[in-house]
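What follows is one structure encoded as structure tokens, with my remarks underneath.
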Amino acid sequence: MLRKLLILLFVPLILCGCGKKDERVEITFSSWGSVTEVGILNTIIHEFEKENPDIKINFIHIPQNYFQKIHLLFASSQAPDVIFLNNLYLPLYVSKLEDLTNMVDKSEYYPESLKALSNKGKLYAIPRDVSTLVFYRNKDLINQTPKNLTELQEVLEKAPKYGVSYERDVYFMYPYVLTMNEDIYNPKKSLEYYKNLEGKYAPTPSDIGSSTLAQMFIDGKIGLYLSGRWMYPKISEKAKFNWDVITFPGIVPLDASGWGISKDSKHKIEAEKFVEYLSSKRSSEYFLSTGLVVPARIEVSKEIDNTVFLDSISKSRPIPVDKNYRRTADKMNKAFFE
333 MLRKLLILLF VPLILCGCGK KDERVEITFS SWGSVTEVGI LNTIIHEFEK
383 ENPDIKINFI HIPQNYFQKI HLLFASSQAP DVIFLNNLYL PLYVSKLEDL
433 TNMVDKSEYY PESLKALSNK GKLYAIPRDV STLVFYRNKD LINQTPKNLT
483 ELQEVLEKAP KYGVSYERDV YFMYPYVLTM NEDIYNPKKS LEYYKNLEGK
533 YAPTPSDIGS STLAQMFIDG KIGLYLSGRW MYPKISEKAK FNWDVITFPG
583 IVPLDASGWG ISKDSKHKIE AEKFVEYLSS KRSSEYFLST GLVVPARIEV
633 SKEIDNTVFL DSISKSRPIP VDKNYRRTAD KMNKAFFE
């Protein structure tokens, strides 16, 4: 009789335990990123949840059309709690983001990265990385290191047919615009200089064909290839000739990406805790290990395998952008290159 009574008492408790609801606070987090970056993000999320068992991260990976989709989420009041974004789109969302100025020790980050992710003196995203443009150099074709545009011109005069790369995109024209101290929205002399590279010193679209400029450099056909840190792993793996990295002989644009928090978040304390974890030294070291980015944390960036990328930061300038930047850049591309 006692045994039956105990069974009657404990069975309901067992059944209730089986249907126990997940009581963790759930926050959403959005990001773009390669397979490698997503793998690191999943590792960071796993470690964060392990250290914070009361918080669950719902990761939304958006590999394409990222900002169009983020825009729709904001418009429908479904914005993620934590959002990965860059300085080019930041002005569109400042009214919808939390001011994170008091969350950082500014001495730990490159001032350029903080400036790029700020608006009217307020920081709206904790920097993850800084990005600049450098020259990847085929030393079998070009062995000089130009220190200004005059010397670059002299180098190209002596170089083989394809001395330098040429992208039909204003972003890759900005180093020439900034170096000539012209307005990026109204370039004149620099636009003429840049467009004259194509055909004379740089391959045309018909020369490139079904290939890419990156592949042409890897195949040993271009002397100086203008690109960013993101190309370093691929070139390191594929290029079979003698190559190195040198700074552009002038001023280059600087971009930065980082972690922001939506003003509409209902779990701001948990969101702040996650952003602190994402921007920690440990997480920054994870991203450094990919070889794809230059960490915005000064201490971590010094562990990078090529200091030229750090040298270029001191020769850079954040692009002055407003909420119409992307639309304006598209119009400029059409006007200048089509």
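Using the working numbering, you'd call the opening residue of the sequence shown number 333 and step up by one each time. Glycine included, each C-beta is placed from N, C-alpha and C at the ideal position.
- In the DSSP assignment, Thr360 forms a beta bridge with Asn390.
- For Ile593, DSSP records a beta bridge to Val414.
- Assignment of Thr482 by DSSP, reduced to helix, strand and coil, places it in the helix class.
- Closest in alpha carbon position to Val487, among Ala534, Leu523, Ser594, is Ala534.
- In the three-state scheme derived from DSSP, where H, G and I count as helix and E and B as strand, Lys471 is classed as coil.
- Comparing alpha carbon positions, the residue from Arg500, Asp662, Asn397, Ser612 closest to Tyr441 is Ser612.
- By the beta-carbon neighbour count (other beta carbons within 10 angstroms, threshold 16), Gly590 is buried.
- Excluding the 5 residues flanking it on each side, Tyr526 has same chain C-beta neighbours closer than 7 Å at Met505, Tyr508, in chain order.
- 8 Å or more divides the Cβ of Trp364 from the Cβ of Pro412.
- Ranked by Cα distance from Ile554, the options Tyr468, Pro443, Phe406 are led by Tyr468.
- In this structure, the alpha-carbon of Ser409 lies about 8 Å from that of Asp596.
- The Cβ-Cβ distance between Thr360 and Ile387 does not fall below 8 Å.
- For Ile601, the number of other beta carbons within 10 angstroms of its own is below 16, and it is reported as exposed.
- If the five residues before and after Val462 are omitted, its C-beta is found closer than 7 Å to the C-beta atoms of Tyr442, Glu444, Ser445, Leu586, Ala588, Val626, Ala628, Ile645, all from its own chain and listed in chain order.
- Here Pro385 carries a coil assignment [DSSP, helix/strand/coil].
- When only Cα atoms are considered, Asp637 and Leu558 end up about 19 Å apart.
- Residues Ser497 of the same chain have their beta carbon placed closer than 6 Å to that of Leu545, with the five preceding and five following residues left out of the count.
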